[in-house]
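The sequence shown begins at 225 in our numbering and counts up one residue at a time.
This report refers to the structure that appears directly beneath it.
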Amino acid sequence: MSPGKARLATGASERDLILADLLAHGRFLSGLSSIGVPVPSAAALKVDATAGTGAPASTRIGAPAGDRPEPRTDDPAAALAAIRADLGDCRRCKLASGRKTIVFGQGNPRAELMFVGEAPGSEEDEQGLAFVGRAGQLLTDIIEKGMKMKRSDVWIGNVLKCRPPQNRNPEPDEILSCQPFLEAQIRTIRPRVLVGLGKFAAHWLLRTAEPISRLRGRLGDHDGIPVMPTYHPAYLLRNPGAKKDVWEDMKTVLGLLGRPVPGPGE
Ligand code: SF4
Numbered sequence: 225m226s227p228g229k230a231r232l233a234t235g236a237s238e239r240d241l242i243l244a245d246l247l248a249h250g251r252f253l254s255g256l257s258s259i260g261v262p263v264p265s266a267a268a269l270k271v272d273a274t275a276g277t278g279a280p281a282s283t284r285i286g287a288p289a290g291d292r293p294e295p296r297t298d299d300p301a302a303a304l305a306a307i308r309a310d311l312g313d314c315r316r317c318k319l320a321s322g323r324k325t326i327v328f329g330q331g332n333p334r335a336e337l338m339f340v341g342e343a344p345g346s347e348e349d350e351q352g353l354a355f356v357g358r359a360g361q362l363l364t365d366i367i368e369k370g371m372k373m374k375r376s377d378v379w380i381g382n383v384l385k386c387r388p389p390q391n392r393n394p395e396p397d398e399i400l401s402c403q404p405f406l407e408a409q410i411r412t413i414r415p416r417v418l419v420g421l422g423k424f425a426a427h428w429l430l431r432t433a434e435p436i437s438r439l440r441g442r443l444g445d446h447d448g449i450p451v452m453p454t455y456h457p458a459y460l461l462r463n464p465g466a467k468k469d470v471w472e473d474m475k476t477v478l479g480l481l482g483r484p485v486p487g488p489g490e
């Protein structure tokens with residue numbers, strides 16, 4: 225078990241992870257605040273912001289991917305199971321009261337490619353699986369018909385693991401409560417490329433509040449892992465004309481993975 229997993233398995237380490245992530249999210253929260261989104265203070269979250277936990281993660285739009293800060297674990301499936309066990313019957317934020325199922329995410333624990341969306345919807349809440357509704361089918365088509373990869377070979381998850389009521393937008397306190405688990409999943413899987421699906425995932429991965437229309441198609445990084453921000457499949461269902469933009473983004477992702485780009489009709 226890596227030091228990170230060992231820390232996650234204890235109650236005290238969760239606080240450290242949350243604090244480290246809070247520090248790393250300083251710019252993200254400043255951005256939210258600047259556009260009028262209420263952001264809870266460290267005091268409100270009962271976090272001692274003066275405690276030292278090491279340098280915050282580096283995330284810069286357009287920055288080249290750097291060295292990976294932690295090696296991939298020898299047994300990512302076991303590490304993911306430990307993260308799931310630590311999540312338990314999570315009641316860390318107010319979404320717990322309205323959810324049916326925690327949607328942990330699913331896929332290949334050794335995935336080279338990881339898709340991150342916003343939050344489960346009603347189908348996902350029912351089934352306990354990420355991206356299984358209409359938007360999920362479109363994502364499957366993008367992966368399998370477009371990129372010629374198997375959905376089972378990638379990892380698919382969300383920033384939030386519980387469905388917000390009426391599919392409303394995630395709120396900052398919910399994102400802060402849930403993010404240590406996605407951070408742990410990313411550290412465990414260590415994909416070669418991350419794809420942020422939609423505004424909230426792109427903002428979370430890149431620690432920015434720039435509009436998705438400006439972020440889309442511009443490579444960034446998340447702790448040394450290249451990030452491609454693109455449109456959410458639910459947006460594509462409403463705006464099919466944007467599919468060509470997403471395909472351009474997926475071609476860049478395929479290039480980063482060293483995979484061939486299928487031509488038209490292939
Ligand atoms: S959204 Fe995340 S932090 Fe909130 S209850 Fe669900 S699993 Fe826990």
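Ideal placement from N, C-alpha and C gives every residue a C-beta, glycine not left out.
Option in the options with minimal Cα separation from residue i
| i | options | result |
| --- | --- | --- |
| Ala335 | Ala320, Asp469, Trp379, Pro484 | Trp379 |
| Arg308 | Ala426, His446, Leu439, Gly381 | Gly381 |
| Glu350 | Val340, Met371, Lys385 | Lys385 |
| Pro457 | Arg431, Arg438, Leu421, Leu430 | Leu421 |
| Asp298 | Arg411, Pro464, Leu406, Ile436 | Arg411 |
| Ala306 | Gly487, Pro464, Leu443, Leu406 | Leu406 |
| Glu464 | Pro435, Ala359, Gln403, Arg483 | A small fix is needed here, since residue 464 is Pro in this sequence, not Glu. Ranking Pro435, Ala359, Gln403, Arg483 by Cα distance to Pro464 puts Ala359 first. |
| Gly357 | Ile399, Ala343, Lys369 | Ala343 |
Which of helix, strand or coil DSSP assigns to residue i
| i | result |
| --- | --- |
| Asn463 | coil |
| Val327 | coil |
| Thr454 | strand |
| Phe405 | helix |
| Ala343 | coil |
| Pro394 | coil |
| Asp349 | helix |
| Met373 | coil |
Those residues which DSSP pairs with residue i across a bridge
| i | result |
| --- | --- |
| Met338 | Trp379, Leu418 |
Same chain, Cβ closer than 8 Å to residue i, neighbours up to 5 away in sequence not counted
| i | result |
| --- | --- |
| Gly441 | Met452, Pro453, Thr454, Asp469, Glu472, Asp473, Thr476 |
| Arg416 | Glu336, Leu337, Ile449, Pro450, Leu480, Leu481 |
| Val485 | Lys475, Leu478, Gly479 |
| Ala289 | Below a pLDDT of 50, predicted positions are generally treated as unreliable, and Ala289, at 40, falls in that range; the measurement from the model is reported next regardless. The residues are Asp445, Gly448, Ile449, Pro450. |
Same chain, Cβ closer than 6 Å to residue i, five either side skipped, listed in chain order
| i | result |
| --- | --- |
| Trp428 | Val383 |
| Asp377 | Asn332 |
| Met194 | In this structure the chain extends from 225 to 490, so residue 194 is not present and cannot be described. |
Cβ shell of residue i (< 7 Å), same chain only, five flanking positions each side left out
| i | result |
| --- | --- |
| Leu353 | Val327, Gln330 |
| Ala466 | Tyr455, Tyr459, Leu460 |
| Ser254 | Note on Ser254: pLDDT 45, under 50, position unreliable in the model; no value is reported. |
| Ala425 | Val340, Gly341, Glu342, Val383 |
>> At 3 residues or longer, what runs of the beta strand (DSSP E) sit wholly inside the stretch 425-453?
In response: 444-446
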